[in-house]
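Residue numbers (this note's numbering): 156 to 373.
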């Protein structure tokens with residue numbers, strides 16, 4: 156029986172990818188590196204610090220990962236406050252309210268920093284619906300490691316067999332699979348080049364997993 160739902164944030168709750176992309180590519184210009192589309196796509200679902208560590212190693216930079224992270228976050232903060240592209244994913248607010256109204260425990264488990272998670276939750280008034288928030292930036296391991304989903308599931312007090320993850324990235328799907336949690340992959344225009352092979356269910360519209368339908372699937 157489904158009792159808890161663990162939401163990824165970027166690409167599932169809110170479409171921050173255009174802002175993150177702009178911030179990353181501004182940072183790439185700052186440190187004078189040329190990041191290919193394939194390399195950039197492989198970062199999806201990973202924390203900023205781990206991405207920056209990969210960049211420093213890949214390009215043999217003298218700059219520290221922490222400097223790259225600060226530059227990227229400075230750009231993102233400016234874009235968050237000034238860019239008009241930021242919006243909730245179509246249908247997700249209705250899904251969140253549906254789950255909450257039907258007694259499901261909701262937790263966000265995102266690779267984003269807690270600062271950015273809180274910014275999104277405050278901007279779109281999501282705090283009343285969620286019982287917990289977990290940031291991969293605060294943990295030892297980043298997706299595709301399952302640590303964040305194991306901790307988020309434990310926070311609900313439910314067994315992993317009573318939980319579902321909603322993810323949009325290869326790394327997040329692998330993490331949910333490794334945690335032994337039923338994973339619904341949300342395939343959208345915002346999530347290109349991702350591998351859904353390890354997902355239990357693949358959807359393109361949140362209406363497919365409203366509470367009256369998902370009970371028979373999980």
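Note that the Cβ used here is the ideal one computed from N, Cα and C, for glycine as well.
Query	Result
In the DSSP assignment, what are the bridge partners of residue 372?	Partner(s): none; residue 372 has no beta bridge.
Measuring CA to CA, which of 225, 360 and 191 is closest to residue 205?	225
Which same chain residues end up closer than 8 Å to residue 167 when comparing Cβ atoms and leaving out the 5 residues on each side of it in sequence?	244, 247, 321, 322, 323 and 341
So which of 236, 215 and 268 has the shortest CA-CA distance to residue 200?	268
Going straight from the alpha carbon of residue 250 to that of residue 258, what length do you get?	13 Å
Output the distance between the C-alpha atoms of residue 216 and residue 315, rounded to the nearest integer angstrom.	41 Å
In terms of residues, what are the limits of the beta strand (DSSP E) holding residue 358?	356-358
DSSP three-state call for residue 246: helix, strand or coil?	coil
Apply the 10 Å Cβ neighbour rule to residue 372 and answer buried if 16 or more other Cβ atoms are within range, or exposed otherwise.	exposed
Mapping DSSP to helix, strand and coil, what is residue 207?	helix
For residue 313, collect the residues of the same chain with a Cβ closer than 6 Å to its Cβ; drop the 5 residues on either side in sequence, then sort them by chain order.	158 and 159
Work out the CA separation of residue 193 and residue 319 for me, nearest whole Å.	29 Å
Whole alpha helix (DSSP H) runs in the segment 241-290 with 4 or more residues, listed along the chain?	247-256 and 269-278
Determine, using beta-carbon pairs with one atom in the segment 355-362 and one in the segment 172-190, whether at least three such pairs fall under 8 Å.	no
Output yes or no for whether 8 Å exceeds the beta carbon distance between residue 326 and residue 298.	yes
What three-state label does DSSP hand residue 163 in the structure shown?	coil
Compare the beta carbon distance of residue 272 and residue 290 with 8 Å and say whether it is the shorter of the two.	yes
Any idea which residues DSSP pairs residue 322 with across the strands?	340
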